[in-house]
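Numbering (the working numbering), first residue to last: 43 to 308.
Structure first, commentary second.
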């Protein structure tokens, strides 16, 4: 089902990017958690008012809430978690198939006992496993730091659901990148779709946060399906989970089908 040598080669190719993105996330997450203090929240709000309000809203910092979960959901999951792992996903998804075809190394891979299906499944598996590991580490560190600094303040169930929602979102986003990588023979076109669409979703999400007149834009971005307010309130988030799972399955299945059946310039 999978090619262990190819999986190891893909790991070797991408582990530096993984470590860099994880390191940046691990830098910001503890700092943001440490900033939480209900007694000084008014002071923080006053500091934010000095900045352009459109920028604050675009980055998801306008609805902080009074709980630790709400605070982290706003300052970390409102923007940073949407941007940084997306960079990793774009790079790795493009390298998964399209880069091999573009560089000519796909001909070598297919000259081994590996079928197209086995190669594609291995690369898809690496994408899913690595993004799960990345967000899994974020989840564990978030809980440990929160419990160390603010014992019993974090709604752990809500935090786990928030991270599950984030993971499912990234399953769909990696699906876009994987499908694009399987569809095109060159990295240029693969990135145009695999990177262009997620980046466009992020820009649209930021614009939709800036005011009521453009709030309708939220219906044109996948990032709307990461709804921390629904999770904090404990209702209405299940449909988002289902939609993201279905999208991920369709995108990965489509990528596998396209790659197995199209002509390759070998």
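Even for Gly, the Cβ is constructed at its ideal location relative to N, Cα and C.
Taking all protein chains shown into account, decide if residue i is buried (16 or more other Cβ within 10 angstroms of its Cβ) or exposed.
i           : result
residue 329 : For residue 329 there is no data in the structure shown, the boundaries of the chain being 43 and 308.
residue 240 : buried
residue 304 : exposed
residue 127 : buried
residue 108 : exposed
residue 268 : buried
residue 140 : buried
residue 258 : exposed
residue 176 : buried
residue 147 : exposed
residue 77  : exposed
residue 123 : buried
residue 275 : exposed
residue 282 : buried
residue 251 : buried
residue 180 : buried
residue 200 : buried
residue 32  : Since the first residue of the chain shown is 43 and the last is 308, residue 32 is not available in this structure.
residue 150 : exposed
Which class does residue i belong to by DSSP, given the choice of helix, strand or coil?
i           : result
residue 119 : coil
residue 303 : helix
residue 237 : coil
residue 277 : coil
residue 78  : coil
residue 108 : coil
residue 40  : Nothing about residue 40 can be read from this structure; the chain reaches only from 43 to 308.
residue 255 : helix
residue 262 : helix
residue 269 : coil
residue 44  : coil
Identify, in the order they occur along the chain, each residue of the same chain with its Cβ nearer than 6 angstroms to the Cβ of residue i, setting aside the five sequence neighbours on each side.
i           : result
residue 289 : 214
residue 63  : 126, 130
residue 302 : 158, 159
residue 72  : 187
residue 197 : 111
residue 56  : 134
For residue i, I'd like the list of residues in its chain whose CB is within less than 7 angstroms of its CB, leaving aside the five on either flank, ordered along the chain.
i           : result
residue 294 : 166, 217, 220
residue 232 : 136, 140, 222, 223, 226
residue 204 : 115, 119, 270, 273
residue 183 : 68, 71
residue 262 : 246
residue 169 : 134, 135, 138, 216, 220
Spatial neighbours of residue i within its chain, please: C-beta separation below 8 angstroms, excluding the five flanking residues on both sides.
i           : result
residue 174 : 209
Contact between the stretch 136 to 151 and the stretch 227 to 237: three or more CB pairs below 8 angstroms?
yes
Note down, one range per segment and in chain order, each alpha helix (DSSP H) of at least 4 residues found wholly within the stretch 196 to 253.
198 to 225, 229 to 236, 238 to 250
On the three-pair Cβ rule with 8 angstroms, is the stretch 155 to 171 touching the stretch 181 to 189?
Between the stretch 155 to 171 and the stretch 181 to 189, the count of C-beta pairs closer than 8 angstroms stays below three; the two stretches do not touch.
Can you give, in chain order, each stretch of the alpha helix (DSSP H) that sits fully within the stretch 113 to 199 and has at least 4 residues?
122 to 138, 140 to 145, 147 to 153, 158 to 191
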